[in-house]
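Residue numbers (my numbering): 81 to 538. Glycine included, C-beta positions come from ideal geometry on N, C-alpha and C. Small disclaimer: the values here were computed from a predicted structure and weren't measured. The block underneath contains the structure these notes are about, expressed in structure tokens.
Structure below.
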């Protein structure tokens, strides 16, 4: 980096082209010392330049820092009695302008004699071709006697043949006094001693143009509308994606057992191996096999709106389910001597027929058979047979009563209790003990069939 680079930068920042600032700070003299190159200690990349210069016969330090992405900061510090501090930071945002080009922000801060100062922020918006389209300014000046001047202004390019100036000078003028108006200007300004502007004044020159809306305002509105449209599109795409996912999930679920495999086997249905076969009558049959054991855990069959499935093992020896369309399913669970059936039933309550859910538990060991309504042992009917060790002796004592003393007498069960005669105390007691044992065993074999099926939603 040669010496002329830093001073071309100094001239660009603080020369006459910078408007008001040029009136405050005289032109910097030529350097008398060599330029120091500043480097990153890790990468050795050049990150700035620094040089001692003379101003009005006094030394000052000028420094440029490269901030990356085209941004930079110029700082001038006075030394000794040269009480001047000036910092200029230029920030470039690639493609951030509402016009599609870059946005450049110039922040200037000048202080002299600890009391006089100016601060300004100038934002410039460019189109993709690099042509300046809009400027925004915030300006604050302290005249040194606690008298403050504030300006906020915007300036837009109106006519293509008249480019905007890059300085702030024209933006500090009163829009109504602007001669040969070529650019729109809107200004909010005022002065005060308090340091706070309470009643700003407003002025613009929009009345000099046929179009009441600036290109910048149109661009902002277009960008906002584009953001709204993009949000709507994203929302529609999200809805479509959700519907597609739900449809795919429904299609996948339709191919899986409706009884929850996870609750039956404590296994993830997606880990099973699926084989699909179409039978001669059009029935689609699927088998679900445990890949670790090779055992078939479930089978389903679908024909039109009729769905059937079988679950082998798990909480029961076998669970069978049949469902037509979206009707309540018929579910049968077989476990040892127990059979549990859950199905829809029509009940006539006198005022009409009502659909109810019937969930009963059946027991049959070849000799005893019981039906427990709603799986309730206190509400059961059937019969039980028990071994009577005294029967043989009684038959021997009285051969004519042989048919009344079988080895396995049968007892009726009604409302969960034994029907009996007072003369058969021993056999009645044994029958009740046997029924009590069956009731306890039955409670351990009742399945919550609704819970097994509850995870599926048609």
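Check your understanding: Residues bridged to residue 294 by DSSP?
Key -> Among the bridge pairs identified by DSSP, residue 294 is matched with none.
Exercise for review: Would you mind giving the Cβ-Cβ distance between residue 447 and residue 529, rounded to the nearest angstrom? I have them listed as a contact below 8 Å.
Suggested key: Not really, about 27 Å apart at Cβ, beyond 8 Å.
Review point. Since residue 392 is in the beta strand (DSSP E), which residue starts that stretch and which ends it?
Key: In the DSSP annotation of this structure, the continuous segment of the beta strand (DSSP E) that includes residue 392 starts and ends at 386-392.
Point to revise | Beta-carbon proximity list for residue 120, same chain, < 6 Å, skipping 5 on both sides | key: If we look at residue 120 and ignore the five residues flanking it on each side, its Cβ neighbours are 127.
Practice item. Assuming residue 141 and residue 130 form a contact by the criterion Cβ under 8 Å, report the distance between their Cβ atoms to the nearest whole angstrom. Key: That pair is a contact at about 7 Å.
Review point. With C-beta atoms as the reference, is residue 178 less than 7 Å away from residue 299?
Key: In this structure, residue 178 lies near residue 299, with their beta-carbon atoms less than 7 Å apart.
Check your understanding: By Cβ distance below 6 Å, which residues in the same chain neighbour residue 474 in space, the five residues on each side in sequence not counted?
Key -> Once the five neighbours on either side are set aside, the close Cβ partners of residue 474 are 485.
Practice item. Find out if the Cβ-Cβ distance for the pair residue 296, residue 236 is shorter than 7 Å. Key: Pairing residue 296 with residue 236 gives a Cβ-Cβ distance under 7 Å.
Point to revise | Where residue 553 falls, given that 16 or more other Cβ within 10 Å makes a residue buried | key: In this structure the chain extends from 81 to 538, so residue 553 is not present and cannot be described.
Check your understanding: Any idea if residue 623 is buried or exposed, counting beta-carbon neighbours within 10 angstroms, 16 or more meaning buried?
Key -> Absent from the structure is residue 623, since the part of the chain shown begins at 81 and ends at 538.
Practice item. Go through its chain and collect everything with a Cβ distance to residue 367's Cβ below 7 Å, but skip five positions before and after it. Key: Sequence-distant Cβ neighbours of residue 367 in its own chain, meaning closer than 7 Å and more than five residues away, are 355, 376, 379.
Exercise for review: Can you give me the start and stop residues for the alpha helix (DSSP H) that residue 507 sits inside?
Suggested key: Residues 505-523.
Check your understanding: By how many angstroms is the C-alpha of residue 507 removed from the C-alpha of residue 491?
Key -> Roughly 9 Å separates the two Cα atoms.
Review point. Alpha carbon to alpha carbon, what distance is there between residue 335 and residue 469?
Key: A straight-line Cα-Cα distance of about 57 Å links residue 469 and residue 335.
**Study point:** Same chain, Cβ closer than 6 Å to residue 400, five either side skipped, listed in chain order
**Key:** If we look at residue 400 and ignore the five residues flanking it on each side, its Cβ neighbours are 390, 412.
Point to revise | residue 484, DSSP secondary structure in three states | key: In this structure, DSSP gives residue 484 a helical state, which the three-state scheme calls helix.
Check your understanding: Quick one: what's residue 230 bridged to in DSSP?
Key -> Bridge partners of residue 230: 220, 270.
Check your understanding: Rounded to whole angstroms, how far is the Cβ of residue 212 from the Cβ of residue 246, which I believe are closer than 8 Å?
Key -> About 7 Å; that satisfies the 8 Å criterion.
Exercise for review: State the Cα-Cα distance for the pair residue 310 and residue 166, rounded to the nearest angstrom.
Suggested key: A straight line joining the alpha-carbon of residue 310 with that of residue 166 spans about 44 Å.
Exercise for review: If I'm right that residue 435 touches residue 415 with Cβ under 8 Å, what's the distance once you round it to whole angstroms?
Suggested key: Actually they do not touch by this definition, with Cβ atoms about 27 Å apart.
**Study point:** Cross-strand partners of residue 442 (DSSP beta bridge)
**Key:** According to DSSP, residue 442 bridges with 419, 451.
Review point. Nearest chain B C-beta to residue 524 closer than 7 Å, yes or no?
Key: In summary, chain B is missing from the structure at hand, where a single protein chain is found.
Review point. With DSSP run on the structure shown, which of helix, strand or coil describes residue 254?
Key: In the displayed model, residue 254 falls within coil according to three-state DSSP, outside both helix and strand.
**Study point:** Nearest-angstrom Cβ-Cβ length linking residue 438 and residue 423, presumed shorter than 8 Å
**Key:** About 6 Å; that satisfies the 8 Å criterion.
Check your understanding: From residue 359 to residue 381, what distance separates their C-alpha atoms?
Key -> In this structure, the alpha-carbon of residue 359 lies about 10 Å from that of residue 381.
Practice item. Take the Cβ of residue 523 as the centre, count every other Cβ of all protein chains shown within 10 Å, and call the residue buried at 16 or more, exposed below. Key: When all chains shown are included, residue 523 counts as exposed.
Check your understanding: For residue 212, which of helix, strand or coil comes out of DSSP?
Key -> DSSP places residue 212 in the strand class (E or B) of the three-state scheme.
Practice item. With DSSP collapsed to three states, give me the class of residue 166. Key: Here residue 166 sits in strand by DSSP.
Practice item. Less than 8 Å between the CB atoms is what I'm expecting for residue 460 and residue 493, so what's the real figure, rounded? Key: Contact holds; Cβ gap of about 6 Å.
Review point. Run through DSSP, which three-state label would residue 435 get?
Key: Of the three classes helix, strand and coil, the one that applies to residue 435 here is strand, per DSSP.
Point to revise | Residue span of the alpha helix (DSSP H) that contains residue 241, given as start and end | key: Taken as a continuous stretch (DSSP letters only), residue 241 belongs to no alpha helix (DSSP H), as it is neither H nor E.
Point to revise | Same chain only: Cβ atoms within 6 Å of residue 215, ignoring 5 sequence neighbours per side | key: Once the five neighbours on either side are set aside, the close Cβ partners of residue 215 are 204, 235.
Practice item. May I ask you to list the residues that DSSP assigns as paired with residue 118? Key: Bridge partners of residue 118: 128.
Point to revise | Delimiting residues of the beta strand (DSSP E) encompassing residue 461 | key: Under the DSSP assignment, residue 461 falls in the beta strand (DSSP E) whose first and last residues are 460-465.
Check your understanding: Which residues in the same chain as residue 185 place their Cβ atom closer than 6 Å to its Cβ, once the five residues preceding and following it in sequence are excluded?
Key -> For residue 185, where only same-chain residues beyond five positions count, the Cβ hits under 6 Å are 171, 203.
Review point. DSSP three-state call for residue 377: helix, strand or coil?
Key: Strand at residue 377.
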